[in-house]
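The block underneath contains the structure these notes are about, expressed in structure tokens.
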Amino acid sequence: MDKKTDEFRKRLLETFRIEAGEHVRAISTGLMELEKEPAGEKQAKLVETVFREAHSLKGAARSVNLPDIESLCQALEGVFAALKRQEIFLNLALLDLLHQTVDGIAILTPYAEMNQAKPGQPHTGDLVRQLDKAAKGLPMPKKPENPVPRPDVEAPLMKTDMVRIPTTKLDPLLLQAEEMIQVKIAGNQRAMELQEINSAIALWKTESDKWKSRRFSAAEWNELLEWNEVRLSALQNQVAATMTAVKQDQRVLKRAVDDHLEAMKELLMFPVGSLVEILPKLARDLARAQGKEVELTIQGADIEIDKRILEELKDPLIHLVRNCVDHGIKKPEERTREGKPPCGAIRLNFVAKDNRQMEISIADDGSGVDLNKVRAAAAKLGLRQTAAEKKPDLQETLQLIFYSGISSSPIITDISGRGLGLAIVREKVEKLGGTVSVESQTDVGTTFQFLLPMTLATFKGILVQVRECMFVLPAINVERVLRVREEDIKTVENRETIQLDGQILAMARLRDTLELPAWKNGLAWKKAPGQPEASTMPVIILTSEKKRMAFLVDEVMQEQEVLVKGLGAQLKRVRNIAGATVLGNGRVVPVLNVHDLMKSAVGSAAVARKETVTGATSVKTGRILVAEDSITSRTLLKNILETAGYQVATAVDGTDAFTQLRSNEFDLLVSDVDMPRMNGFELTTKIRADKKLGELVVVLVTALESRQDKERGIEAGANAYIVKSSFDQSNLLEVIRRFL
Amino acid sequence: MKQEQLMQNKDSILKARARTLAQEPEQALAARSFIEITEFRLTSETYGIESSFVREVYPLKDFTPLPGMPSFVLGIVNIHGQILSIVDLKKFFNLPEKGLGEFNKVIILHNERMEFGILADVILGTRSVPLGAIQAAPPTITGIGAEYLKGVTGERVIVLDAEKILNDEKIIVSQNTE
Chain A
1 MDKKTDEFRK RLLETFRIEA GEHVRAISTG LMELEKEPAG EKQAKLVETV
51 FREAHSLKGA ARSVNLPDIE SLCQALEGVF AALKRQEIFL NLALLDLLHQ
101 TVDGIAILTP YAEMNQAKPG QPHTGDLVRQ LDKAAKGLPM PKKPENPVPR
151 PDVEAPLMKT DMVRIPTTKL DPLLLQAEEM IQVKIAGNQR AMELQEINSA
201 IALWKTESDK WKSRRFSAAE WNELLEWNEV RLSALQNQVA ATMTAVKQDQ
251 RVLKRAVDDH LEAMKELLMF PVGSLVEILP KLARDLARAQ GKEVELTIQG
301 ADIEIDKRIL EELKDPLIHL VRNCVDHGIK KPEERTREGK PPCGAIRLNF
351 VAKDNRQMEI SIADDGSGVD LNKVRAAAAK LGLRQTAAEK KPDLQETLQL
401 IFYSGISSSP IITDISGRGL GLAIVREKVE KLGGTVSVES QTDVGTTFQF
451 LLPMTLATFK GILVQVRECM FVLPAINVER VLRVREEDIK TVENRETIQL
501 DGQILAMARL RDTLELPAWK NGLAWKKAPG QPEASTMPVI ILTSEKKRMA
551 FLVDEVMQEQ EVLVKGLGAQ LKRVRNIAGA TVLGNGRVVP VLNVHDLMKS
601 AVGSAAVARK ETVTGATSVK TGRILVAEDS ITSRTLLKNI LETAGYQVAT
651 AVDGTDAFTQ LRSNEFDLLV SDVDMPRMNG FELTTKIRAD KKLGELVVVL
701 VTALESRQDK ERGIEAGANA YIVKSSFDQS NLLEVIRRFL
Chain B
1 MKQEQLMQNK DSILKARART LAQEPEQALA ARSFIEITEF RLTSETYGIE
51 SSFVREVYPL KDFTPLPGMP SFVLGIVNIH GQILSIVDLK KFFNLPEKGL
101 GEFNKVIILH NERMEFGILA DVILGTRSVP LGAIQAAPPT ITGIGAEYLK
151 GVTGERVIVL DAEKILNDEK IIVSQNTE
């Protein structure tokens with residue numbers, strides 16, 4: 001087959017995959033409803049619907065030449081037709097067979113493009129034979145006691161990069177996009193106007209230069225003044241006109257961008273139903289495989305929520321449903337003994353809250369969480385000390401199930417019981433800026449509850465500063481912010497604590513928890529002289545899973561809306577960091593993971609205290625300014641010098657460096673030569689000419705290797721000259737040590 | 001008669017043109033024996049990387065370091081609203097720290113599963129290199145493990161194997177806290 005035909009077939013199959021997914025879902029949903037519906041008019045209608053779906057799927061399969069799927073559909077049709085004619089009647093065994101067939105089609109579909117054996121591939125011939133028998137009303141063979149575990153049928157079908165968007169949502173987007181053309185044209189126009197103004201100024205300058213070499217009579221003076229005034233007012237008018245136009249453009253642009261963003265967000269809103277429609281069947285299949293009966297009902301499926309949140313929710317919800325079936329709901333006979341209906345109930349509720357938040361609860365009427373087993377599992381992991389044992393508080397014990405490694409299930413099944421699931425659920429939900437909680441009553445049931453933002457944009461964060469780094473803490477985890485004095489911090493068992501409302505609270509220093517480099521007592525000298533050292537320090541009280549802990553930061557900046565973004569494919573999972581956000585000024589700031597922080601704080605407390613003691617002694621006296629325009633080199637130089645114990649500040653070019661040198665005390669300057677605005681030679685010359693700075697040690701670091709350049713550097717007054725190509729940290733430190 | 005001949009001529013010319021146009025373009029052939037590489041300098045060495053894995057080149061003005069990262073991860077940047085991590089290949093390959101570059105550019109590498117930026121001093125441009133001209137690198141020429149190299153060109157450009165680097169599990173940061 002040549003390449004083009006191959007491509008074409010690939011495209012056809014891709015289209016088929018999506019179409020088949022829709023038909024399979026429709027048939028599954030139909031079968032679920034049929035199970036609940038007693039014989040009658042409504043049942044007949046449902047049978048008609050699934051019959052038609054199977055028929056369309058058959059046609060589609062035939063058109064792309066997939067005989068396996070086609071014959072399965074054919075057999076399905078036969079059964080549905082017999083049902084329609086009321087020659088046969090529905091029963092549980094038949095429904096199982098029908099479900100099995102639909103699952104089989106679902107498994108075959110994603111592999112449609114490959115002509116090889118597929119994992120978990122159903123035996124098409126067997127299924128067809130059974131269906132044919134069933135259609136003739138012949139008794140069905142007994143189902144095997146333990147059906148082979150099926151792979152996740154919902155996974156491959158859900159996995160499609162395409163979404164359906166109504167044209168009513170798309171049309172306004174196109175209009176908005178067209179509107180932006182106007183803004184683009186306006187931008188060109190403004191650029192031209194500025195160009196004109198610039199030329200006018202240049203012309204004025206050349207002409208006025210001509211006057212310089214002349215002696216003036218009084219009349220000529222007047223002429224010159226008048227001439228200048230005319231020019232000036234002409235220019236002023238031009239600038240004023242452009243400014244008005246720019247302001248106008250800016251208003252248009254702002255509206256266009258805001259509208260566009262809003263519409264795009266709207267576009268990404270999908271009803272939760274599109275996610276959860278697979279769950280009733282999943283619950284049924286899991287239950288059937290364990291000889292249980294479960295019915296899952298959904299409320300509020302029409303609530304719309306950001307697609308990105310929806311996608312992240314899929315795994316937690318599937319996991320919780322499995323959890324309910326596996327741990328919560330017992331077998332029908334046991335339930336009957338307990339006086340419950342034989343069929344277990346799982347209720348999935350979606351409720352829109354104020355504040356663009358959504359509450360999701362998933363409740364079962366099963367046996368509840370076995371607290372004793374949870375405590376025992378926690379003890380095995382050494383978590384016993386935490387609190388659960390001292391005071392076996394119900395809530396605290398329940399929180400334990402969100403730790404990995406804890407499962408109340410005595411055996412590991414393929415469904416759940418590895419004790420990892422709930423930890424992942426919690427992590428996912430918190431990553432979305434939500435919280436998760438659980439309530440449980442023995443023999444009455446368990447309820448999990450999530451509170452989530454409906455769009456990703458509504459995440460509120462508190463911006464804090466530690467050293468020179470900024471971080472965002474999710475506001476949902478921040479209980480309050482307060483200031484403490486150094487003497488309020490008391491050490492208990494080598495852990496720092498503070499007292500809040502009469503309660504002793506563990507406290508950690510965020511810089512130690514995050515293991516930010518333990519250099520310098522640098523902040524003090526950076527402040528303008530005369531400004532007193534603050535006597536109180538800001539502390540943030542964080543909560544996660546009903547635990548509280550205090551964190552000391554350098555500064556609490558403000559609360560603001562942030563959009564959390566992932567860290568990219570390479571950084572799959574980073575300790576203490578949930579994601580990153582971009583501030584209004586373009587700065588990228590990490591968003592902290594509070595759950596991790598609390599864990600890290602416990603681990604790092606002891607180490608950090610030791611470090612602060614030894615760290616203080618190794619600090620060298622020496623304040624160095626690094627002037628370098630490349631951000632990476634600047635950071636590298638700074639790190640090298642700080643690791644060696646110096647206090648380091650940085651400047652992005654010569655002008656910046658000079659300003660900083662004038663306003664702060666420094667012992668030494670390390671400067672690049674090739675920098676914008678003011679280069680290293682100019683900077684050195686300027687320093688030597690300055691009364692106050694004249695004696696400063698200047699070390700030039702440069703890519704220029706020629707002897708002339710070296711001479712030029714020495715001429716300008718540099719004390720040392722390091723060539724970049726031979727640079728390494730030992731020769732830099734060597735040179736600096738000679739001067740400090 | 002003359003008219004007819006002209007018509008016939010025209011017809012054959014048009015047919016010849018159509019035949020020429022119907023030919024598969026030469027490039028398709030050439031692509032089999034050439035690869036396009038993006039050349040860049042990293043301190044004192046010149047490297048090349050297959051252009052098909054280069055999404056774009058971006059000037060590095062600022063970046064945000066993350067606490068607790070392995071040393072080869074410089075930090076993260078915002079590129080058109082997307083957060084991407086930046087890898088310092090010299091650190092990743094454990095090359096000696098000799099020399100101080102400009103590090104002003106980021107080359108964003110990607111395939112269908114992975115995406116990140118690598119640091120570069122200067123981008124020298126792109127060019128086609130005949131596959132035959134790329135020889136296996138002698139082990140002494142660079143400190144980079146042979147598994148990450150496609151080879152060395154006649155001009156001593158070290159051609160990195162972008163696919164291998166992108167698919168390398170070692171480059172993924174996945175810190176477990178549990």
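Protein chains in written order, with the numbering used here: chain A, 1 to 740; chain B, 1 to 178. Note that the Cβ used here is the ideal one computed from N, Cα and C, for glycine as well.
Strictly below 7 Å CB to CB, what residues from chain A border B:MET114? As a working mapping, residue 114 of chain B is identified with position 114 in the second sequence. Residues of chain A with a Cβ closer than 7 Å to the Cβ of B:MET114 are, in chain order, ALA569, GLN570.
- prompt: From which residue to which residue does the alpha helix (DSSP H) around A:SER730 run?
  reply: For the purposes of this step, residue 730 of chain A is taken as the residue at position 730 of the first sequence. For A:SER730, the enclosing alpha helix (DSSP H) has its first and last residue at 729-739.
Notebook entry, point to check: Within 10 angstroms of its Cβ, does A:GLU496 collect 16 or more other Cβ (buried), or is it exposed?
Noted result: The sequence position of residue 496 of chain A within the first sequence is 496, counting from 1. With 16 or more other Cβ atoms within 10 Å, it is buried.
| In its own chain, which residues sit with a C-beta less than 7 Å from the C-beta of A:LEU732, not counting the 5 before and 5 after it? | Counted from its first residue, the first sequence places residue 732 of chain A at position 732. The residues are ILE640, ILE722.
*asked:* If contacts are defined as beta-carbon pairs under 8 Å, then B:TYR58 and B:VAL106 qualify, I think. What distance do you get, rounded to the angstrom?
replied: Within the second sequence, residue 58 of chain B is the residue found at index 58, counting from 1. Within the second sequence, residue 106 of chain B is the residue found at index 106, counting from 1. Contact flag correct, Cβ pair sits at about 5 Å.
Worksheet item: Excluding the five sequence neighbours on either side, which residues of its own chain have a C-beta within less than 6 Å of the C-beta of A:LEU348, listed in chain order?
Response: Here the question's residue 348 of chain A lines up with position 348 in the first sequence. ILE298, ILE362, listed in sequence order.
Please classify A:ILE415: does DSSP put it in a helix, a strand, or coil? Counting from one through the first sequence, the residue named residue 415 of chain A turns up at place 415. Any reading at A:ILE415 needs caution, since the residue's pLDDT is 42, under 50, leaving its predicted position unreliable; the model's value is listed next. Residue state, collapsed to three classes: coil.
Q. Under the three-state reduction of DSSP, which class applies to A:ARG688: helix, strand or coil?
A. As a first step, residue 688 of chain A must be located in the first sequence, where it is residue number 688. When DSSP states are grouped into helix, strand and coil, A:ARG688 belongs to the helix group.
Problem - Nearest-angstrom beta carbon gap, A:VAL698 and A:ILE687 [assumed within contact, 8 Å] - result: Translated into positions along the first sequence, residue 687 of chain A becomes position 687. Translated into positions along the first sequence, residue 698 of chain A becomes position 698. Correct: roughly 6 Å between the Cβ atoms.
Between A:VAL564 and the rest of its own chain, which residues show a CB-CB distance below 6 Å, the 5 nearest in sequence each way excluded?
Position 564 of the first sequence holds residue 564 of chain A. Excluding five sequence positions before and after A:VAL564, the CB atoms of its chain that fall closer than 6 Å to its own CB belong to PHE459, GLY579, THR581, VAL591, given in chain order.
How is A:SER630 classed by DSSP in three states: helix, strand or coil? As a working mapping, residue 630 of chain A is identified with position 630 in the first sequence. Annotated three-state conformation of A:SER630 is coil, per DSSP.
Could you give the DSSP three-state label for B:HIS109: helix, strand or coil? To locate residue 109 of chain B, count along the second sequence from 1; it is residue 109. Rather than His, the amino acid found at residue 109 of chain B in this sequence is Leu. If DSSP states are grouped into helix, strand and coil, B:LEU109 belongs with the strands.
Q. Which first and last residues belong to the beta strand (DSSP E) in which A:THR297 is found?
A. Reading the first sequence from its first residue, position 297 is the one you call residue 297 of chain A. Here the beta strand (DSSP E) through A:THR297 covers 294-299.
* A:GLN790 classed as buried or exposed, judged by whether at least 16 other C-beta atoms fall within 10 angstroms -> In the structure displayed, chain A extends from 1 to 740; residue 790 of chain A sits before or after that span and is not available.
Which stretch, first to last residue, makes up the alpha helix (DSSP H) that contains A:PRO280?
-> Looking up residue 280 of chain A in the first sequence gives position 280. Counting along the chain, the alpha helix (DSSP H) containing A:PRO280 begins and ends at 279-289.
Task: Alpha-carbon to alpha-carbon, A:MET549 and A:MET243 - done: In the first sequence, residue 243 of chain A corresponds to position 243, counting from 1. In the first sequence, residue 549 of chain A corresponds to position 549, counting from 1. Per the coordinates, the alpha-carbon of A:MET243 lies some 52 Å from the alpha-carbon of A:MET549.
Please check the pair A:MET268 and A:ARG308, which I expect to be a contact at CB under 8 Å, by giving their CB distance rounded to whole angstroms.
Here residue 268 of chain A refers to the residue found at position 268 of the first sequence. Here residue 308 of chain A refers to the residue found at position 308 of the first sequence. According to the sequence provided, residue 268 of chain A is Leu. The question's Met does not apply to it. The pair is a contact, with the Cβ atoms about 7 Å apart (cut-off 8 Å).
Let me check understanding here. Comparing Cα to Cα, which of A:ASP364, A:ILE18, A:GLU515 lies closest to A:GLN753? Here chain A has residues from 1 to 740 only, and residue 753 of chain A is not among them.
> Should A:GLU577 be flagged as near chain B, meaning a C-beta pair shorter than 8 Å?
Replying inline: Working through the first sequence from its first residue, we reach residue 577 of chain A at position 577. Residue identity check: residue 577 of chain A is Ile in the sequence provided, not Glu. Yes, A:ILE577 lies at the interface with chain B (some Cβ there is under 8 Å from its Cβ).
Q. Is the CB-CB distance between A:SER367 and A:ASP488 below 8 Å?
A. As a position in the first sequence, residue 367 of chain A is number 367, starting the count at 1. As a position in the first sequence, residue 488 of chain A is number 488, starting the count at 1. In this structure, A:SER367 lies away from A:ASP488, with their beta-carbon atoms at least 8 Å apart.
Give me the subset of the segment 51-69 of chain B whose CB atoms are less than 9 Å from a CB atom of chain A, sorted by chain position. Those residues of the segment 51-69 of chain B that come within reach of chain A (Cβ to Cβ, closer than 9 Å) are LEU60, LYS61, ASP62, PHE63, THR64, PRO65, LEU66, PRO67, GLY68, MET69.
| the segment 75-95 of chain A / the segment 125-134 of chain A touching (three or more Cβ pairs under 8 Å) | The answer is yes - the segment 125-134 of chain A touches the segment 75-95 of chain A, with three or more Cβ pairs under 8 Å.
Query raised in the report: Beta-carbon of B:VAL173 versus every beta-carbon of chain A: anything under 8 Å?
Result: Position 173 of the second sequence, counted from the start, is the residue given in the question as residue 173 of chain B. Closer than 8 Å: yes.
Between A:CYS343, A:ALA39, A:GLU628, which lies nearest to A:ASP674 when the distance is taken from Cα to Cα?
Here residue 674 of chain A refers to the residue found at position 674 of the first sequence. It is A:GLU628 whose Cα lies nearest to the Cα of A:ASP674.
Item to complete: With DSSP collapsed to three states, give me the class of A:CYS469.
Response: Looking up residue 469 of chain A in the first sequence gives position 469. The answer is strand: DSSP assigns A:CYS469 an E or B state.
Check the C-beta distance from B:SER174 over to A:LYS572 and give it rounded, since I have them as a contact under 8 Å. Residue 174 of chain B sits at position 174 when you count from the first residue of the second sequence. Residue 572 of chain A sits at position 572 when you count from the first residue of the first sequence. Between B:SER174 and A:LYS572 a beta carbon distance of about 4 Å is seen, short of the 8 Å cut, so the two are scored as contacting.
- Query: If you draw a straight line from the C-alpha of A:LEU500 to the C-alpha of A:THR650, how long is it?
  - Reply: Within the first sequence, numbered from 1, the residue matching residue 500 of chain A stands at position 500. Within the first sequence, numbered from 1, the residue matching residue 650 of chain A stands at position 650. So the two alpha carbons sit approximately 39 Å from each other.
- By DSSP, does A:PHE551 sit in helix, in strand, or in coil? Residue 551 of chain A sits at position 551 when you count from the first residue of the first sequence. Strand at A:PHE551.
Starting from the Cα of A:LEU83, find the closest Cα among A:THR49, A:LEU637, A:ARG337, A:GLU277 and give me that residue. Here residue 83 of chain A refers to the residue found at position 83 of the first sequence. If we check each option's Cα against that of A:LEU83, A:THR49 comes out closest.
Within the 8 Å Cβ cut-off, does A:VAL321 reach chain B?
As a first step, residue 321 of chain A is located in the first sequence; it is residue number 321 there, counting from the start. Chain B has no Cβ within less than 8 Å of the Cβ of A:VAL321.
#### Entry: Contacting positions in the segment 140-166 of chain B - beta carbon closer than 8 Å to chain A
When C-beta distances to chain A are compared with 8 Å, every residue of the segment 140-166 of chain B stays at or above that value.
Q. Nearest-angstrom Cα distance between A:ILE736 and B:THR126?
A. Within the first sequence, the letter at position 736 stands for residue 736 of chain A. Within the second sequence, the letter at position 126 stands for residue 126 of chain B. If you take the alpha carbons of A:ILE736 and B:THR126, they lie about 41 Å apart.
Where A:LEU432 falls: helix, strand or coil (DSSP)
Your numbering for residue 432 of chain A matches position 432 in the first sequence. Of the three classes helix, strand and coil, the one that applies to A:LEU432 here is coil, per DSSP.
Check: Who are the neighbours of A:ILE631 on chain B, taking C-beta pairs under 9 Å?
Finding: Translated into the one-based positions of the first sequence, residue 631 of chain A becomes position 631. In chain order: LEU60, LYS61, ASP62, PHE63, PHE103, ASN104.
Run down chain A in chain order and give the residues with a C-beta less than 9 Å from the C-beta of B:SER71. Here the question's residue 71 of chain B lines up with position 71 in the second sequence. Per Cβ cutoff of 9 Å: no residues; B:SER71 is ~10 Å from chain A at best.
message = Within the continuous beta strand (DSSP E) that includes A:MET264, where are the two ends?
response = Your numbering for residue 264 of chain A matches position 264 in the first sequence. That residue, A:MET264, is in no beta strand (DSSP E); its alpha helix (DSSP H) goes 218-267.
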